[in-house]
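What follows is one structure encoded as structure tokens, with my remarks underneath.
4 protein chains.
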Amino acid sequence: MPLTVLSIAFLAVYAIPILAPGLPSSVRQACEVANIVIWAVFGLEYVIRLGLSGNRPAFVRTHWFDLLVLVLPLLRPLRALRLITALKVLNRRTQALTRGRLAVYVAATTVLITVVGALAALDAERAAPDSSINTYPEALWWAIVTITTVGYGDYSPVTVEGRLVALTMMIGGIGLIGFVTGSLASWIVERIAADESADDNETTVTRSDLAGLRDEILQLRTELAALRSTSADAQAPPDRE
Amino acid sequence: MPLTVLSIAFLAVYAIPILAPGLPSSVRQACEVANIVIWAVFGLEYVIRLGLSGNRPAFVRTHWFDLLVLVLPLLRPLRALRLITALKVLNRRTQALTRGRLAVYVAATTVLITVVGALAALDAERAAPDSSINTYPEALWWAIVTITTVGYGDYSPVTVEGRLVALTMMIGGIGLIGFVTGSLASWIVERIAADESADDNETTVTRSDLAGLRDEILQLRTELAALRSTSADAQAPPDRE
Amino acid sequence: MPLTVLSIAFLAVYAIPILAPGLPSSVRQACEVANIVIWAVFGLEYVIRLGLSGNRPAFVRTHWFDLLVLVLPLLRPLRALRLITALKVLNRRTQALTRGRLAVYVAATTVLITVVGALAALDAERAAPDSSINTYPEALWWAIVTITTVGYGDYSPVTVEGRLVALTMMIGGIGLIGFVTGSLASWIVERIAADESADDNETTVTRSDLAGLRDEILQLRTELAALRSTSADAQAPPDRE
Amino acid sequence: MPLTVLSIAFLAVYAIPILAPGLPSSVRQACEVANIVIWAVFGLEYVIRLGLSGNRPAFVRTHWFDLLVLVLPLLRPLRALRLITALKVLNRRTQALTRGRLAVYVAATTVLITVVGALAALDAERAAPDSSINTYPEALWWAIVTITTVGYGDYSPVTVEGRLVALTMMIGGIGLIGFVTGSLASWIVERIAADESADDNETTVTRSDLAGLRDEILQLRTELAALRSTSADAQAPPDRE
Numbered sequence: 001m002p003l004t005v006l007s008i009a010f011l012a013v014y015a016i017p018i019l020a021p022g023l024p025s026s027v028r029q030a031c032e033v034a035n036i037v038i039w040a041v042f043g044l045e046y047v048i049r050l051g052l053s054g055n056r057p058a059f060v061r062t063h064w065f066d067l068l069v070l071v072l073p074l075l076r077p078l079r080a081l082r083l084i085t086a087l088k089v090l091n092r093r094t095q096a097l098t099r100g101r102l103a104v105y106v107a108a109t110t111v112l113i114t115v116v117g118a119l120a121a122l123d124a125e126r127a128a129p130d131s132s133i134n135t136y137p138e139a140l141w142w143a144i145v146t147i148t149t150v151g152y153g154d155y156s157p158v159t160v161e162g163r164l165v166a167l168t169m170m171i172g173g174i175g176l177i178g179f180v181t182g183s184l185a186s187w188i189v190e191r192i193a194a195d196e197s198a199d200d201n202e203t204t205v206t207r208s209d210l211a212g213l214r215d216e217i218l219q220l221r222t223e224l225a226a227l228r229s230t231s232a233d234a235q236a237p238p239d240r241e
Numbered sequence: 001m002p003l004t005v006l007s008i009a010f011l012a013v014y015a016i017p018i019l020a021p022g023l024p025s026s027v028r029q030a031c032e033v034a035n036i037v038i039w040a041v042f043g044l045e046y047v048i049r050l051g052l053s054g055n056r057p058a059f060v061r062t063h064w065f066d067l068l069v070l071v072l073p074l075l076r077p078l079r080a081l082r083l084i085t086a087l088k089v090l091n092r093r094t095q096a097l098t099r100g101r102l103a104v105y106v107a108a109t110t111v112l113i114t115v116v117g118a119l120a121a122l123d124a125e126r127a128a129p130d131s132s133i134n135t136y137p138e139a140l141w142w143a144i145v146t147i148t149t150v151g152y153g154d155y156s157p158v159t160v161e162g163r164l165v166a167l168t169m170m171i172g173g174i175g176l177i178g179f180v181t182g183s184l185a186s187w188i189v190e191r192i193a194a195d196e197s198a199d200d201n202e203t204t205v206t207r208s209d210l211a212g213l214r215d216e217i218l219q220l221r222t223e224l225a226a227l228r229s230t231s232a233d234a235q236a237p238p239d240r241e
Numbered sequence: 001m002p003l004t005v006l007s008i009a010f011l012a013v014y015a016i017p018i019l020a021p022g023l024p025s026s027v028r029q030a031c032e033v034a035n036i037v038i039w040a041v042f043g044l045e046y047v048i049r050l051g052l053s054g055n056r057p058a059f060v061r062t063h064w065f066d067l068l069v070l071v072l073p074l075l076r077p078l079r080a081l082r083l084i085t086a087l088k089v090l091n092r093r094t095q096a097l098t099r100g101r102l103a104v105y106v107a108a109t110t111v112l113i114t115v116v117g118a119l120a121a122l123d124a125e126r127a128a129p130d131s132s133i134n135t136y137p138e139a140l141w142w143a144i145v146t147i148t149t150v151g152y153g154d155y156s157p158v159t160v161e162g163r164l165v166a167l168t169m170m171i172g173g174i175g176l177i178g179f180v181t182g183s184l185a186s187w188i189v190e191r192i193a194a195d196e197s198a199d200d201n202e203t204t205v206t207r208s209d210l211a212g213l214r215d216e217i218l219q220l221r222t223e224l225a226a227l228r229s230t231s232a233d234a235q236a237p238p239d240r241e
Numbered sequence: 001m002p003l004t005v006l007s008i009a010f011l012a013v014y015a016i017p018i019l020a021p022g023l024p025s026s027v028r029q030a031c032e033v034a035n036i037v038i039w040a041v042f043g044l045e046y047v048i049r050l051g052l053s054g055n056r057p058a059f060v061r062t063h064w065f066d067l068l069v070l071v072l073p074l075l076r077p078l079r080a081l082r083l084i085t086a087l088k089v090l091n092r093r094t095q096a097l098t099r100g101r102l103a104v105y106v107a108a109t110t111v112l113i114t115v116v117g118a119l120a121a122l123d124a125e126r127a128a129p130d131s132s133i134n135t136y137p138e139a140l141w142w143a144i145v146t147i148t149t150v151g152y153g154d155y156s157p158v159t160v161e162g163r164l165v166a167l168t169m170m171i172g173g174i175g176l177i178g179f180v181t182g183s184l185a186s187w188i189v190e191r192i193a194a195d196e197s198a199d200d201n202e203t204t205v206t207r208s209d210l211a212g213l214r215d216e217i218l219q220l221r222t223e224l225a226a227l228r229s230t231s232a233d234a235q236a237p238p239d240r241e
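Line by line, the protein sequences give chains A, B, C and D. Under UniProt numbering, read the first sequence as residues 1 to 241, first letter to last. Under UniProt numbering, read the second sequence as residues 1 to 241, first letter to last. Under UniProt numbering, read the third sequence as residues 1 to 241, first letter to last. Under UniProt numbering, read the fourth sequence as residues 1 to 241, first letter to last.
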């Protein structure tokens, strides 16, 4: 929970200098300092969790994404990737996964990647002389056109950092399309299967069918037990004779 | 039914001033008035349904799309979204969902989004000085290139409202691809499974298999009953002795 | 079979005047005449099949694609669509549908749509003054960029007929992506299910499991029959006594 | 294993003259010679394997991709396709296919196609006067934009060879999207099915259910055996009487 607050604070101090480039230099520096401090806190948190974990190599292996996000920010516009770890918290809670929850989670990730990616691209591109992405609305429009893989080409990044951001967004876009498609496919399969099951019901075996069978076997045993006792009675008289 | 007629009337008074910009100002104003009147009727219908519903917060929650469509038209080009609610009526009737009906429904929605989206984009873009979308054929071509996610970039919106329309169409396009893919995937899985079932039939359990088992258990009980009666006969003589 | 030959002849007389615009006018006219004659033969064939069919409205309904292809060629560049009916013949033969056969069929359709679509687009675009598609290699490159939905925008059609061809190809492209995805999805599901079945085997019920159960019940009956006969023997001596 | 080393050596002698066009002509010629020698080794290896195989036509049919890769390099920029055969080795080892291993394999293939495709496109395009792809970073950016099917159009190939490379990458891109989608679809289906099985558990038949049934039948047999022996005891005394 405190880490989520910290993530939002990180987004604020990251976004403010990008969105308001005319800020006095002291405010810009304060944001930069806050940015580095929050980064250090996340680094410390990672080191503490690493120290507390019993099996350290296993911890590094299963938390590789946390480490990547921690190291990547050396490239400044990629620092925004930290926000995605906040969404990972959501992921952990989805024990009973329904299609609706998955959709909300994917939609939230997509919006976050688009909004933050536009920030990062603007940060990287604004300084380039031949760049077409110079304002946040333009960056956001470019981000939407990219993540949906439409790619008009009216705006496109020209710097290495801007293109790394674009690569992240294109991968996100393919994942988004994949999720939407996969979700619809599973829904279609389910709906059509449900409609067909009205006819199919006669030929599938359920536990209640087996329960019926078991009941009959139990009756068989009861009858057998009755037979045994009468048989025993029948034997007893000859013994007494 | 009257609401469907009203939706078509809405499309007409929405489309006419866009498609025929040279109309006398009195006709344009009549269309604008009719547009607002129809909007008010839809608003009234929503309020009445809200009033009639027992659980009002639940009604707002389950009918969020109706409310969104009611509020969004404040942005004029987005008023066309109202038409999509007419398609929701279709959706309610699809109790027995087959792949064919789904395909017709998806195709109809796609055509409607494309035609109406082109109208809305033309309305938003025509006034902009540096816009490339100035006639309805151009808008329709742009809409097709966008919804299929091809995105040549020969035409692209430059206004905020035009880009919001584009965003709606890109989301529609991803949904369209997702549906086509999901539908084909479920069809492929089904066809291949059907062809394999000729060989597979030997290893699946059906109720008729269980019925065979139950028959044998019943015969067992019959024999046991017969055994019991002969055993009872066998006992009787010693009693009489 | 003669219709397939006729389809190939149709492609030839359709393609030759487009690919070799410098032909003497007499050759061009001969091709045009042959084109119309073949069109008439297909029309005649449709009318004969319609006449022979018992239920004519049903025939029109189930053969709507044949009728569409017959009527559409009035728009000259769309005449090429006839070739797709030749592929429908292939479709009829796929009784036992395997993933491999489907892939071959889809690949063949995609190549045909691309090659013929490039012809049709070149035919439509060459005459337009501001068109970028002026040679067959350019048209083919444009067709590839369109059907894969990449859409660079270095070449794009500007005429209504060229854009109708593009629409057909975009729909084909979405279908292509849908097929590839659906095919891979069904393959992945199958492969992973097959690998899991090694562990899963313990918990699924097959007919051989039921056969084992039935064997035990049969043994039970055999023993019961044996018991009955010994019980009958046991009764017999007292009777003789 | 030696073939994998040879493939990497092939990539090196292929890439060096492309990435460093300012090399002295002697080094360029050495690379070209090494390239041809490695090509000859691969050709020899194919011929030897063909000679050793019992059924030669079947060998050609099942190893068509190896032959294609061997013949295609006559078009120089396509020689890079040889590297994909190295990945086929990976494919052979995936006996127990899990979704994770498939993802690693697909990701590796995608990165290889992108990196090598950018090399091949740069090789083909650099010489063309009106080409926009003149440096390796530009070629790599173009390759990423193409394989994700975004297609901005800021860079696009103009030569026939460059466009053949683009075609290969677009097919790769569609395959990539298809794999991601199919993988997510199978994952979603599985996760949702797993969550539903908590409720569903009551109605599915497993082998443990059958085992319960079998236990009861075994008890039945045991009791029957006991009945038989007591019945035999009962008979014995009268015999002795």
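Think of the CB as a built atom: it goes at the ideal place given N, C-alpha and C, for glycine as much as any other residue.
Ile174 (chain B) and Gln29 (chain A) have their alpha carbons spaced roughly 42 Å apart.
The beta carbons of Ala124 (chain D) and Thr159 (chain D) sit closer together than 8 Å. Excluding residues up to 5 positions away in sequence, Ala143, Val165, Met169 lie with their Cβ nearer than 6 Å to the Cβ of Gly117 (chain D) in the same chain.
Of all residues in the stretch 166–189 of chain B, only Leu176, Ile177, Val180, Thr181, Gly182, Ser183, Leu184, Ala185, Ser186, Trp187, Ile188, Val189 place a beta-carbon less than 8 Å from a beta-carbon of chain C. Assignment of Leu19 (chain A) by DSSP, reduced to helix, strand and coil, places it in the helix class. Thr149 (chain D) sits in coil when the DSSP states are folded into three classes, being neither helix nor strand.
Beta-carbon to beta-carbon, Val106 (chain A) and Phe179 (chain A) are separated by about 5 Å, close enough to satisfy the 8 Å threshold. In the structure shown, the three-state DSSP call for Ile133 (chain A) is coil. For Ser131 (chain D), no Cβ of chain C is located within less than 8 Å of the residue's own Cβ.
In this structure, Tyr152 (chain A) and Gly151 (chain B) form a Cβ contact; the two beta carbons are roughly 5 Å apart against a cut-off of 8 Å. Your pair Tyr136 (chain B) and Leu19 (chain B) checks out as a contact, with CB atoms roughly 6 Å apart and the cut at 8 Å.
Residues of the stretch 120–154 of chain D that bring their beta carbon within less than 9 Å of a beta carbon in chain B comprise Thr149, Val150, Gly151, Tyr152, Gly153, in sequence order. When the five nearest sequence neighbours on each side are left out, the beta carbons in the same chain lying within less than 6 Å of the beta carbon of Ala139 (chain B) are those of Ala118, Ala121, Leu122, Ile133, in order along the chain. Annotation: Cβ neighbours of Leu220 (chain D) in chain C (cutoff 8 Å, chain order): Leu220.
The criterion of a C-beta distance shorter than 8 Å is satisfied by Gly43 (chain D) and Leu70 (chain D).
About 6 Å separates the beta carbons of Ile147 (chain A) and Gly172 (chain A), which is inside the 8 Å limit, making them a contact pair. In this structure, the CA atom of His63 (chain D) is about 49 Å from the CA atom of Asp215 (chain C). In the three-state DSSP reduction, Ala127 (chain B) falls in the coil class, being neither helix nor strand. Chain-order list of chain A residues neighbouring Ile217 (chain D): Ile217, by C-beta distance under 7 Å. In the three-state reduction of the DSSP assignment, Ser186 (chain B) falls in the helix class, which pools H, G and I. The Cβ atoms of Ile38 (chain D) and Leu6 (chain D) lie closer than 8 Å to each other. For a cut-off of 8 Å, the C-beta gap from Ile177 (chain C) to Ser186 (chain D) is around 17 Å, too long to register as a contact. Excluding the 5 residues flanking it on each side, Pro17 (chain C) has same chain C-beta neighbours closer than 7 Å at Leu23, Arg28, Cys31, in chain order.
Interface flag for Arg61 (chain B) against chain A is unset, since no Cβ pair is found closer than 8 Å. Against chain A, a Cβ distance below 8 Å from Leu224 (chain D) picks out Leu224. Each residue's CA atom was taken as its position, placing Thr109 (chain C) and Ala127 (chain B) some 43 Å apart.
The beta carbons of Ile217 (chain C) and Leu218 (chain B) sit about 11 Å from each other, so the pair does not count as a contact at 8 Å. The C-beta separation of Leu184 (chain A) from Leu224 (chain B) comes to about 56 Å, leaving the pair out of contact by the 8 Å criterion.
A straight line joining the alpha-carbon of Ala226 (chain C) with that of Ala226 (chain B) spans about 13 Å. Interface annotation, Leu68 (chain D): not in contact with chain C, CB-CB separation never under 8 Å. Taking 8 Å as the upper bound for CB-CB distance, Ser156 (chain D) and Asp130 (chain C) are not in contact here, some 19 Å apart.
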